[in-house]
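Below: the structure, in structure tokens.
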Amino acid sequence: MLEITAWKVAQVVLMSRELDRAEGELRGFIDRLNEDEQASLVAVMWVGRDAFAADELAEAIQTAKREATTPTSDYLLGTPHLSDHLENGMEELGLSLSDAEDGLVRGG
5 MLEITAWKVA QVVLMSRELD RAEGELRGFI DRLNEDEQAS LVAVMWVGRD AFAADELAEA
65 IQTAKREATT PTSDYLLGTP HLSDHLENGM EELGLSLSDA EDGLVRGG
């Protein structure tokens with residue numbers, strides 16, 4: 005089971021699209037997530053880039069927790085196409101970011 009809300013994933017997606025002006029804010033947002041949320045975020049990214057299948061989510065989360073040797077924000081911000089991988093991962097898991105993103109864009 006995913007241990008982060010779609011809203012929080014959408015926040016990361018939107019900020020990572022604006023990385024040139026939102027990097028500090030994005031780092032702070034990721035750093036404030038708890039360990040379970042950070043591991044889930046990494047797992048969603050891995051599912052989105054086909055490192056794990058959607059039905060391997062629990063394994064991906066456990067792997068993310070076990071292999072966390074650098075700050076999660078450093079790891080994720082060093083990942084090319086982060087927003088695409090997160091969106092693809094959520095889609096593979098059958099979860100939509102559309103409503104969460106629309107609310108964020110409208111300031112909701």
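Taken in order, the sequence shown gives residues 5 to 112; the numbers are from our numbering. For each residue, glycine too, the CB sits at the ideal point set by N, CA and C.
Would you kindly work out how many angstroms separate the C-alpha atoms of Leu99 and Val48, rounded to a whole number?
-> 11 Å
Round the Cβ separation of Glu7 and Val51 to the nearest angstrom and send it over; I've been treating them as touching at under 8 Å.
-> At roughly 14 Å, the Cβ-Cβ gap does not stay under 8 Å, so Glu7 and Val51 are not in contact.
Does the beta-carbon of Ala68 have 16 or more other beta-carbons within 10 angstroms, so that it is buried, or is it exposed?
-> buried
Stretch pair the stretch 75–90 + the stretch 11–20: three plus CB contacts closer than 8 Å | yes
Tell whether a beta-carbon distance below 9 Å holds between Leu30 and Leu81.
-> yes
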